[in-house]
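Asks:
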Amino acid sequence: MLTTEPFLPNPSWSAGRPAEPRETKEVRRFHESLSDYAVTPLVPLPSVAAELGLGSVVVKDESLRLGLPAFKMLGASWAVHRALGDGSRDGRRLVTATDGNHGRAVARMAALMNLPATIVVPNGVSERAVELIRDEGADVRVLDVPYDEAVRHAAALAEADPNALLVQDTSWPGYEDVPRWIVDGYATLFDEAADQAAGLGVGIDLIVVPAGVGSLAHAAVLFGRSQPDCRIVAVEPQVADCIRASLAAGGPTTVPTGETSMAGLNCGTPSYLAWPDLARGLAGAVVVDDAAAADASAELSAAGVDSGPCGAASLAALRVLAVEPARSRLGLRDDSSVMLLNTEGSTASG
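The sequence shown begins at 53 in this note's numbering and counts up one residue at a time.
1) Output the distance between the C-alpha atoms of R186 and S85, rounded to the nearest integer angstrom.
2) Rounded to the nearest angstrom, what separates V390 and W130 at their Cα positions?
3) Is P308 near the ligand HEM, going by C-beta to nearest heavy atom under 8 angstroms?
4) How about S323 and T222: are their beta carbons less than 9 angstroms apart?
5) Rounding to the nearest angstrom, what Cα-Cα distance links R332 and D257 in this structure?
6) Would the beta-carbon of G310 fall within 9 angstroms of that of A297?
7) Tell me which residues share the same chain as E210 and place their Cβ nearer than 6 angstroms to its Cβ, disregarding the 5 neighbours each side in the sequence.
8) Whole-angstrom Cβ separation of V235 and A286, contact assumed at under 8 angstroms?
9) In the DSSP assignment, what residue or residues form a beta bridge with G336?
10) Just verifying my parser: in three-state terms, what is the DSSP assignment at M391?
11) Thinking just about the alpha-carbon of each residue, which of L268, P98, L164 and D196 is nearest to the one in V177?
12) Grab the span of the alpha helix (DSSP H) containing I234 for me, first residue to last.
13) For K77, which three-state DSSP category applies?
14) Does the contact criterion of 3 or more C-beta pairs under 8 angstroms hold for the region 278–285 versus the region 304–320?
15) Could you give the C-beta distance for A159 and E179, rounded to a whole number, given that I count them as a contact under 8 angstroms?
16) How close, in whole Å, do the beta carbons of S278 and A67 come, if the pair is a contact with beta carbons under 8 angstroms?
17) Along the chain, where does the alpha helix (DSSP H) containing S129 start, and where does it finish?
18) Using 9 angstroms as the threshold, is the C-beta distance between A128 and M165 below it?
19) Buried or exposed: E75, going by 16 or more other Cβ atoms within 10 Å of its Cβ?
20) Between which two residues does the alpha helix (DSSP H) harbouring L218 extend?
21) Please tell me whether L94 and V79 are closer than 9 angstroms, where the distance is taken between their beta carbons.
22) Please confirm whether G363 and S99 have their CB atoms less than 9 angstroms apart.
23) Here's the rule: buried if 16 or more other CB atoms are within 10 angstroms of the residue's CB, otherwise exposed. What is P361?
24) Out of G107, G237 and S388, which has the shortest C-alpha to C-alpha gap to A135?
25) Roughly how many angstroms separate the alpha carbons of A101 and P214, rounded to a whole number?
26) Using the three-state DSSP reduction, which class does M170 fall into: helix, strand or coil?
27) If contacts are defined as beta-carbon pairs under 8 angstroms, then L325 and V273 qualify, I think. What distance do you get, rounded to the angstrom?
28) Use the C-beta contact count for G402: other C-beta atoms within 10 angstroms, 16 or more gives buried, fewer gives exposed.
29) How long is the line joining the alpha carbons of P58 and D142, rounded to whole angstroms?
30) Determine the closest residue to E288 out of F275, P262 and P308, with distance taken between C-alpha atoms.
31) Distance check for D386 and D347, CA to CA, integer angstroms please.
32) Taking the alpha-carbon positions, what's the L334 to G155 distance?
33) Relative to the alpha-carbon of A60, which residue among T321, G302 and D342 has its alpha-carbon at the smallest distance?
Here's what the structure looks like:
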């Protein structure tokens, strides 16, 4: 870690930027055409808002999305749709690396399209998570390597097979189209939330988004540009703070990772595609530990929101952000509206 403070404000971010229009209707129409599509809940947390001295706190609950207990199907489904379209799928194979939820989503898409899938899993992922991916019909290869190395292995597998499609939710120079479509797919989550917040009569002044390589945070930043003066803060595990370290260093930085219950966020390098927008669009990044995530998960459960540690990290982070010095740096007041992202349910795969 290049900084010891839990919250790091981004010196490149400034308030008062004009809202920018965005066009995401095609993505949402595609998701609405899927048989398991339903708008996920936006749940008010009035007791949290009162305790922290905020106008409103809501949580976008992604514990059941398109038949799986995490948001990842939004990106995987749109990316595979864009990549394969209506063309011939004979002999095609989907390949990815995962620390849980993304791989299960890719495996589910392969099953729905009657395609084989190979999913590479790094160390630190539970056996149960691996079995859930296998249950989707995928060939799962478990390696005793960190996430970044698993991604390189998956990329090599795909490169060696001319019929393989690499569906990876991080990017590097020369591999950007599919990761961009994955980020585009996440737009449906934010479009739903904007409609729901308007229906509740609340704005969105701050979004707290769990971040691994930063693809969902990237989607949050793109959405935030369409909202007047919306702040986006990424939350990461203490042992895998590649976004915060990159903000501190002023450029993409790889960090060593350790063991954490937040397996889906245990990533050491920001996505190449995401980084330029994260560098300009994040108001900051904050880290939390496993104990804080567990406490937040229990608190969300008591409020009727099923959450795994990755999703609960957003509430754990808000408890850091709502007090000084972060509160003043983010311009939070007693009338501010905050949206948390619960990215997974308690039965999610990572």
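For every residue, glycine included, the Cβ atom is placed at its ideal position computed from N, Cα and C.
Replies: Quick look at the numbers:
1) Within the sequence shown, the letter at position 134 stands for residue 186. Within the sequence shown, the letter at position 33 stands for residue 85. Distance between the alpha carbons of R186 and S85: 26 angstroms.
2) Indexing the sequence shown from 1 puts residue 390 at position 338. Indexing the sequence shown from 1 puts residue 130 at position 78. Taking the straight line from one Cα to the other gives about 28 angstroms.
3) Although the ligand HEM was asked about, the structure shown includes no ligands whatsoever.
4) Reading the sequence shown from its first residue, position 271 is the one you call residue 323. Reading the sequence shown from its first residue, position 170 is the one you call residue 222. Yes, the pair counts as a contact, with Cβ atoms nearer than the cut-off.
5) Residue numbering aside, residue 332 sits at position 280 when the sequence shown is read from its first letter. Residue numbering aside, residue 257 sits at position 205 when the sequence shown is read from its first letter. Using only the alpha carbons, I get a separation of about 17 angstroms.
6) The residue given as residue 310 occupies position 258 in the sequence shown. The residue given as residue 297 occupies position 245 in the sequence shown. Taking 9 angstroms as the Cβ cut-off, G310 and A297 do not qualify as a contacting pair.
7) Taking the sequence shown and counting its residues from 1, one reaches residue 210 at position 158. Checking the displayed sequence, the identity of residue 210 turns out to be Ala instead of Glu. Correct list, in chain order: V147, A216 and L218.
8) Position 183 of the sequence shown holds residue 235. Position 234 of the sequence shown holds residue 286. In fact, because the Cβ distance is near 14 angstroms, the residues do not count as touching under 8 angstroms.
9) For the purposes of this step, residue 336 is identified with residue 284 of the sequence shown, where counting begins at 1. DSSP lists P61 and V285 as partners of G336.
10) Taking the sequence shown and counting its residues from 1, the one referred to as residue 391 is at position 339. Residue state, collapsed to three classes: strand.
11) Taking the sequence shown and counting its residues from 1, the one referred to as residue 177 is at position 125. V177 has its Cα closest to that of D196, out of L268, P98, L164 and D196.
12) As a first step, residue 234 is located in the sequence shown; it is residue number 182 there, counting from the start. Element bounds for I234: D229 to G237.
13) On the sequence shown, residue 77 is found 25 positions in, with the first residue counted as 1. If DSSP states are grouped into helix, strand and coil, K77 belongs with the helices.
14) no
15) Within the sequence shown, residue 159 is the residue found at index 107, counting from 1. Within the sequence shown, residue 179 is the residue found at index 127, counting from 1. Their Cβ separation, rounded to whole angstroms, is 16 angstroms, which puts A159 and E179 out of contact at 8 angstroms.
16) As a position in the sequence shown, residue 278 is number 226, starting the count at 1. As a position in the sequence shown, residue 67 is number 15, starting the count at 1. About 16 angstroms; that fails the 8 angstroms criterion.
17) Stepping through the sequence shown from its first residue, residue 129 is reached at position 77. Segment M125 to L136, the alpha helix (DSSP H) holding S129.
18) The sequence position of residue 128 within the sequence shown is 76, counting from 1. The sequence position of residue 165 within the sequence shown is 113, counting from 1. Contact flag unset, no.
19) By 1-based counting over the sequence shown, the position of residue 75 is 23. Its Cβ having fewer than 16 others within 10 Å, E75 is exposed.
20) As a first step, residue 218 must be located in the sequence shown, where it is residue number 166. Premise fails: L218 lies in the beta strand (DSSP E), A216 to L218, not in any alpha helix (DSSP H).
21) Stepping through the sequence shown from its first residue, residue 94 is reached at position 42. Stepping through the sequence shown from its first residue, residue 79 is reached at position 27. Against a cut-off of 9 angstroms, the Cβ pair of V79 and L94 comes out as no contact.
22) As a working note, residue 363 is residue 311 in the sequence shown. As a working note, residue 99 is residue 47 in the sequence shown. Taking 9 angstroms as the Cβ cut-off, G363 and S99 do not qualify as a contacting pair.
23) Here residue 361 corresponds to residue number 309 of the sequence shown, with the count starting at 1. Buried, because 16 or more other Cβ atoms sit within 10 Å of the Cβ of P361.
24) Numbered from 1 along the sequence shown, position 83 holds the residue referred to as residue 135. A135 has its Cα closest to that of G237, out of G107, G237 and S388.
25) Here the question's residue 101 lines up with position 49 in the sequence shown. Here the question's residue 214 lines up with position 162 in the sequence shown. Near 53 angstroms, if we compare the C-alpha coordinates of P214 and A101.
26) In the sequence shown, residue 170 corresponds to position 118, counting from 1. Strictly speaking, residue 170 in this sequence is Thr, with Met absent from that position. Strand at T170.
27) Residue mapping note: residue 325 aligns to position 273 of the sequence shown, counting from 1. Residue mapping note: residue 273 aligns to position 221 of the sequence shown, counting from 1. At roughly 12 angstroms, the Cβ-Cβ gap does not stay under 8 angstroms, so L325 and V273 are not in contact.
28) Within the sequence shown, the letter at position 350 stands for residue 402. The predicted model places G402 with a pLDDT of 46, which falls under 50 and marks its position as unreliable; any figure quoted below should be read in that light. By the 10 Å Cβ count, G402 comes out buried.
29) Working through the sequence shown from its first residue, we reach residue 58 at position 6. Working through the sequence shown from its first residue, we reach residue 142 at position 90. C-alpha separation (whole angstroms): 50 angstroms.
30) On the sequence shown, residue 288 is found 236 positions in, with the first residue counted as 1. The shortest C-alpha separation from E288 is found at P262.
31) Numbered from 1 along the sequence shown, position 295 holds the residue referred to as residue 347. Numbered from 1 along the sequence shown, position 334 holds the residue referred to as residue 386. Approximately 24 angstroms between the Cα atoms of the pair.
32) Mapped onto the sequence shown, residue 334 falls at position 282. Mapped onto the sequence shown, residue 155 falls at position 103. Using only the alpha carbons, I get a separation of about 26 angstroms.
33) Taking the first residue of the sequence shown as 1, we reach residue 60 at position 8. Reading off the sequence, residue 60 comes out as Leu, not Ala. With respect to the C-alpha of L60, the residue from T321, G302 and D342 having the closest C-alpha is G302.
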